Amino acid sequence: MTPPRLLVISDGTQAVHPLWDVLSAAIDGGARAVVLREHAMAPGPRAELAARLYARLSEVDGRLLLAVSGEPPEDVPAHGLHLAARARPVDAPGLLVGRSCHDPGELAAAAAEGADYATVSPVYLSESKPGYGPALGPAGLSVLCGRTSLPVYALCGVTGPERARECRTAGAHGVAVMGSLMRAADPAALVGELLDALG
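The numbering of the sequence shown is UniProt numbering, which starts it at 1 and goes up by one.
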């Protein structure tokens, strides 16, 4: 599967609509990869949400990835795993595996362990995480993209199509969105605008 240009990352604490409605609308709008975070959610409800998303994304040849900072859960359906920067590498044959990265060393480690893609952050200042930075900006993103063969998703502060285009021009494979989508009045419309900008 060619990695999609857009990676949706969930955060129910920021969602202005019920989380399922936001994610379902994003899929309706064309999103084909969703990272389920929700670390504060109890295991049972998180597993139930994962099962619903797995079924929904499977219908459209999409991918559900579970955000993992420790041991991956064994009883939760998923097409892949998204590992935190400091999470141990995992042996996950048949699953798509991504890694959060912030600098050249983390990108090199992700490539060496066989990751399928990496997110790079913070590209812009983040409304979701005030004070998180300094921002790489398009120039810093371009440097990091030039140092890896991994598909790179630009993360943090990608609030609309103009920034998505900047990230693609800088060499990113695509963009990852969280807060801007969770807070969107119309998630499907925002996804459509981002996908149009990403080409």
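The C-beta atom is built at its ideal place from N, Cα and C for all residues, glycine as well.
If you're wondering where the values come from, they're calculated on a predicted model, not measured in any experiment.
Asked                                                                                                                                            : Found
Start and end of the alpha helix (DSSP H) containing residue 169?                                                                                : 161-169
Measure the alpha-carbon distance for residue 23 versus residue 132 and round it to whole angstroms.                                             : 25 Å
Of all the options 45, 20 and 30, which has the alpha carbon lying nearest to the alpha carbon of residue 190?                                   : 30
Ignoring anything shorter than 4 residues, give me the alpha helix (DSSP H) runs that lie fully in the stretch 93-154, in order along the chain. : 104-112 and 137-145
According to DSSP, is residue 33 helix, strand or coil?                                                                                          : strand
From 137, 51 and 167, pick the residue whose C-alpha is nearest to that of residue 151; which is it?                                             : 167
Using beta-carbon positions only, say whether residue 78 and residue 50 come within less than 8 Å of one another.                                : yes
Under DSSP, the alpha helix (DSSP H) around residue 55 begins and ends at which residues?                                                        : 43-59
Using the three-state DSSP reduction, which class does residue 192 fall into: helix, strand or coil?                                             : helix
Counting pairs of Cβ atoms below 8 Å between the stretch 84-96 and the stretch 146-160, do you hit three or more?                                : no
Can you tell me whether DSSP reads residue 179 as helix, strand or coil?                                                                         : helix
Considering residue 67, what are the terminal residues of the beta strand (DSSP E) in which it resides?                                          : 63-68
If you measure between the beta carbons of residue 87 and residue 70, is that distance less than 8 Å?                                            : yes
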